[in-house]
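A short write-up of the structure that comes next.
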Amino acid sequence: MIELTVNGKRHSVDVEAEMPLLWVLRDVLDVKGPKFGCGIAQCGACTVHLNGEPVRSCSVPVSAAADQKVLTIEGLAQRGQLHPVQKAWIDHEVPQCGYCQSGQIMAAVALLGKNRDPSDKDIDAAMTNICRCGTYARIRTAIHAAAKTLKSTKA
Amino acid sequence: MSSSFRPSRRDFLKVSTALGGGLALELTVPVRSLAAEAKAPELTAWIVVNPDNSVVIRVARSEMGQGSSTGLPMLVAEELECDWTKVRTEFVSTAEQVRRNRVWGSMATGGSRSIRDSQEYLRQAGAAARGMLIDAAAQRWKVPASECDAENGVITHTPSRRKLRFGQVAQGASKLEPPKEVKLKDPREWNLIGKPARRLDIPDKVRGKPLFGIDVQLPGMAYAAIAQCPVFRGRLVTVADERIKGLRGLIKVVRLEDAVAVVADNWWRANRMLKLLAIEWDVGANGGASTESIREFVRFGLEDSSVPVARNDGNVETGFAQAAKIVEAEYYVPFLNHAPTQNAESAHATAAAVAGVPLENVEVHLTQLGGGFGRRGFQDYTRQAVAIAKAVEGRPVKLLWSREEDMQHDYYRPMTLMRFKAALDSGGRLTAWRVRDASHSIMAGVRPQEIKEGIDRHALGGIVDMPYEVPNLRIEFAMRNSHVPVGFMRTVFHSQNPFMRESFVDELAHAAGKDPYEFRRAMLQGRPKDLGVLDAAAKSSGWGSPLPAGVHRGIAVQDSHGSYAAAVFEVSVSGAGELDIRRVVVAVDPGYVVNPDSAEAQVQSCVAYGLTSVLWGEITLKEGRVEQSNFHDYRIMRIAEMPRRIEAVLVPSGGFWGGLGETPLAPLAPALCNAIFAATGKRIRSLPLKNQGLRLA
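Below, the structure written as structure tokens:
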């Protein structure tokens, strides 16, 4: 049995230690926000936070998440309030097909957690997730907008 | 808000299939009736008005990111005069569609047709429902309907100023006959169409809601991973499954004609066990094919002396004989992968055929597709999912392709070669042009009846119907189909033929000593729409104005999918071949723009998609099989590589309805390559650019 905490809730799962976290989330715990895109940590559609760090859950064995905290897109909203990054994503109409956006949002939240005022270069370096619809221009705008919101609420 | 698909135990599904996103299929009897479940009655098949004044507008086309699940209801709501803030949408049911004699028209998504093909009947449905609501109110008031008006979900009896909300009269209205004839609004009276609207599907998408085919979860669900014969058209001989017998989670190994599937209690386990199988394939006659051998096979079409002629205006030979200057060139584009279903009715029919059940017993649930880009109109994965589910009795099966399977079993954008010969007179005017197109044909696979006398006019898109006035024009077509399956990829032949045509036109302009914009203008005098977007792109980009040292422009124009587009690129290229794309201007005329915000998003999307292909896109073959397998060797543009300045110039001229999801892509490749020529003097005649010594700065 492997114990892990997902979005604040403890689970114990009876799976192989090497099963990627993504498939434990999706097929065992029915947490469908993280998406399967490539399986080799290239595209980032499966991005979740492990103890606050963004990871590509398709390539992290569940054993590495044992007794640790996993946060997925489903756990971002607090008391029914969307995270400022999610709000910015709505305000700037970022998603098109939407398939990669859970991963994009989780990567952006992680970036803003470390860097409250990222430059375009910082965004380029941190946001390596693939979006085949090409929503990149709006992702950039939304990250800058969310950074402003976070600054004004924390100031 | 778009309703997400979470089937209950009651709505038990037998099969679901997903490829990145996907459709969900249901094979069961009986299928619940949409109408029976609706709490409020229908006003036409498209509209349900609830007692609380909220409105459900049904959507029959798939959403794959283009925004049509917002744009289509906008068309209905425009005429219905309901309160747009109280609209939610639901996808229609394919079983109901069968039962109700295709009441919702086509359910296919593709060819940028969602809006343009259905706008008229959707607006009519809205207008008819408005008429029924007004009639119901007038009957209650015992006044003539002509004295009543509807606005924002409220009906007013103008003389007495009495008011009724839509929800108060919907029940009565549903019992009335829809009016036989309706009058649609003049475009000048539109309140919703043409103004930016928030997309209805976005809030769920930022919450990570389970909207996609891959997210469908059912009690007792089993998961299938599949390996298909690595060489197209090959067959399965044997599979040895001793190594996986007794392994955790195994449910069944299913042998198909050209594939093997492992079904397990978890997709990861299924996929891992799949890799432990010893599979013997009969690769057939194509086991030795390579990119080079296929390219030579296609190139033979350039040499063949007996190919059909698709167009023959004037006499090119006379034109060549009288020329002051002759220009010749050969162009090439490789196979491309889509890298993400677009046709629910086709999936429905396929499922019924494979399952061996009547059409009435099949349901295809439309989910959010994820990306489609043309790949998912094909039903290969539907066939597989149904065949696998049939072999696994008694539980629902979810089939998911790995990225590797997708990369190596796509319907690829066709490899094409073109050879041009053209004549310029002493005034630098284009007087004769011969085109020889040697290409794979998509139609040969999907609609062979459209190929007449060896000519696939679809493959000649942008060539046989080129907008330019050329007195002597001859277009020859050599169909060259290798064993590699080809299919529709975003913008289809208009994503590749304009690269060749518009690059060559640029060559001609330079050979004639003329400005490439003015050279095109002179040949477009009879084509006001093409000229309109060309002028708009030139004007918005400041064509002809001075640029910083080392920065150069390129221009191109191309109509496609019922709309018109032109692009201008500004680039600089270092001596080491580092390409800096400094600005992209795309002018588009789709006739009418329904949602300008979605239109701008589609332009940005086309830039990312188009540049990915131009810069890096190339599927190669060795020993009959595709060499690329995933995103590490099939590169997709990321945020750092996306040009910062992309300007969408929307110039809707009215009077026609064109598409928007594909047209903006058409002029991008040639405009970029023409800018590279302006910067370097190097003419790009073969893609991708990574093979031409160029990389992004």
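Here the protein sequences line up with chains A and B, keeping their order.
Under my numbering, the first residue of the first sequence is numbered 202, with each subsequent residue one higher.
Under my numbering, the first residue of the second sequence is numbered 1169, with each subsequent residue one higher.
Using N, Cα and C, we set each Cβ at its ideal position, and we do this for glycine too.
{"Asked": "Quick one: grab the DSSP three-state call for B/His-1577.", "Found": "coil"}
{"Asked": "Please report the Cβ distance between B/Ala-1296 and B/Thr-1212, rounded to the nearest whole angstrom; I am assuming they are in contact, meaning their Cβ atoms lie under 8 Å.", "Found": "6 Å"}
{"Asked": "Quick one: what's got a C-beta closer than 8 Å to A/Arg-339's C-beta in the same chain, skipping five residues either side?", "Found": "His-293, Glu-294 and Val-295"}
{"Asked": "Could you say which of B/Ser-1236, B/Gln-1336 and B/Asn-1640 lies nearest to B/Ala-1489 if we only look at CA atoms?", "Found": "B/Asn-1640"}
{"Asked": "So for B/Arg-1615, helix, strand or coil by DSSP?", "Found": "coil"}
{"Asked": "Could you check where the alpha helix (DSSP H) with B/Trp-1601 kicks off and where it finishes?", "Found": "From DSSP, B/Trp-1601 is part of no alpha helix (DSSP H) but of the beta strand (DSSP E) over 1598-1607."}
{"Asked": "Suppose contacts are defined by Cβ-Cβ distances below 8 Å. Is B/Gly-1248 in contact with B/Ile-1302 by that definition?", "Found": "Reading off the sequence shown, one finds Leu at residue 1248 of chain B, where the question assumed Gly. It is not a contact, given that the beta carbons lie outside the stated cut-off."}
{"Asked": "Go to B/Gly-1340, then tell me how far its alpha helix (DSSP H) extends in each direction, as first and last residue.", "Found": "1334-1342"}
{"Asked": "Is B/Ala-1843 closer than 8 Å to B/Gly-1722 when the C-beta atoms are compared?", "Found": "yes"}
{"Asked": "What are the residues of the segment 1227-1257 of chain B that lie near chain A, defined by any Cβ-Cβ distance shorter than 8 Å?", "Found": "Glu-1231, Met-1232, Gly-1233, Gln-1234 and Gly-1235"}
{"Asked": "Tell me B/Asn-1359's beta-bridge partners as DSSP assigns them.", "Found": "None, per the DSSP bridge assignment."}
{"Asked": "Whose Cβ in chain B lies nearer than 9 Å to the Cβ of A/Pro-221?", "Found": "Trp-1436"}
{"Asked": "Going along chain B, which residues have a C-beta under 9 Å from A/Val-229?", "Found": "Asn-1434"}
{"Asked": "At least one CB of chain B closer than 8 Å to the CB of A/Gln-269: is that the case?", "Found": "no"}
{"Asked": "Give me the Cα-Cα distance between B/Trp-1571 and A/Trp-224, rounded to the nearest whole angstrom.", "Found": "As written in the sequence, residue 1571 of chain B is Arg, which differs from the Trp given in the question. If I take the Cα positions, the gap works out to 15 Å."}
{"Asked": "Using a Cβ distance threshold of 8 Å, determine whether the segment 1453-1465 of chain B contacts the segment 1781-1794 of chain B, with at least three qualifying pairs required.", "Found": "yes"}
{"Asked": "Mapping DSSP to helix, strand and coil, what is A/Pro-262?", "Found": "strand"}
{"Asked": "So if I threshold CB-CB distances at 8 Å, which residues from the segment 282-311 of chain A count as touching chain C?", "Found": "Given the protein chain composition of this structure (A and B), no chain C is represented."}
{"Asked": "Going by the CB atoms, is the gap between B/Tyr-1777 and B/Ser-1671 shorter than 8 Å?", "Found": "no"}
{"Asked": "Nearest CA to the CA of A/Gln-243: which residue from B/Asn-1798, B/Met-1647 and B/Glu-1288?", "Found": "B/Asn-1798"}
{"Asked": "Give the secondary structure of B/Ala-1192 by DSSP, where H, G and I count as helix, E and B as strand, and everything else as coil.", "Found": "With a pLDDT of 44 at B/Ala-1192, under the threshold of 50, the modelled position of that residue is not reliable, and the figure given next carries that caveat. Here B/Ala-1192 sits in strand by DSSP."}
{"Asked": "On the DSSP bridge list, what partners appear for A/Leu-257?", "Found": "Per the sequence presented here, residue 257 of chain A reads as Arg, with Leu not at that position. BP columns for A/Arg-257 point to A/Thr-248."}
{"Asked": "How would you call B/Gly-1469, buried or exposed, if buried means at least 16 neighbouring beta carbons within 10 angstroms?", "Found": "buried"}
{"Asked": "Which residues in chain A have a C-beta closer than 8 Å to the C-beta of B/Asn-1798? List them in chain order.", "Found": "Cys-239, Gly-240, Ile-241 and Gln-243"}
{"Asked": "Counting only C-beta atoms, is B/Ile-1807 closer than 8 Å to chain A at any point?", "Found": "yes"}
{"Asked": "Take B/Thr-1518 as the anchor and find which of B/Glu-1496, B/Phe-1546, B/Ala-1507 and B/Lys-1493 has the nearest alpha-carbon.", "Found": "B/Phe-1546"}
{"Asked": "Excluding the 5 residues flanking B/Arg-1284 on each side, which residues of the same chain have their C-beta closer than 7 Å to its C-beta?", "Found": "Gly-1730, Trp-1825, Gly-1826 and Gly-1827"}
{"Asked": "Quick check: is the beta carbon of A/Thr-329 nearer than 8 Å to any beta carbon in chain B?", "Found": "yes"}
{"Asked": "B/Leu-1202 to B/Ser-1261, Cα distance in whole Å?", "Found": "Confidence at B/Leu-1202 is low in this model, with a pLDDT of 41, below 50, so the placement of that residue should be treated as unreliable; the coordinate-derived value is given next. C-alpha separation (whole angstroms): 8 Å."}
{"Asked": "Which word fits B/Ile-1852, buried or exposed, when buried means at least 16 other C-beta atoms lie within 10 angstroms of its C-beta?", "Found": "buried"}
{"Asked": "Apart from the five residues just before and just after B/Arg-1695, which ones in its own chain have a Cβ nearer than 7 Å to its Cβ?", "Found": "Pro-1635"}
{"Asked": "What in chain A is Cβ-close to B/Val-1216, meaning under 7 Å?", "Found": "Under the 7 Å cutoff, chain A gives no residues; its nearest Cβ is about 25 Å from B/Val-1216."}
{"Asked": "Is the CB of A/Thr-350 under 8 Å away from at least one CB in chain B?", "Found": "no"}
{"Asked": "Mapping the DSSP letters down to three states, classify B/Tyr-1499 as helix, strand or coil.", "Found": "strand"}
{"Asked": "Check distances from the C-beta atoms of the segment 1764-1783 of chain B to those of chain A and list, in chain order, the residues that come in under 7 Å.", "Found": "Asp-1765, Ala-1769, Gln-1772, Ser-1773, Val-1775, Ala-1776 and Tyr-1777"}
{"Asked": "What is the DSSP secondary structure of B/Ile-1412, counted as helix, strand or coil?", "Found": "helix"}
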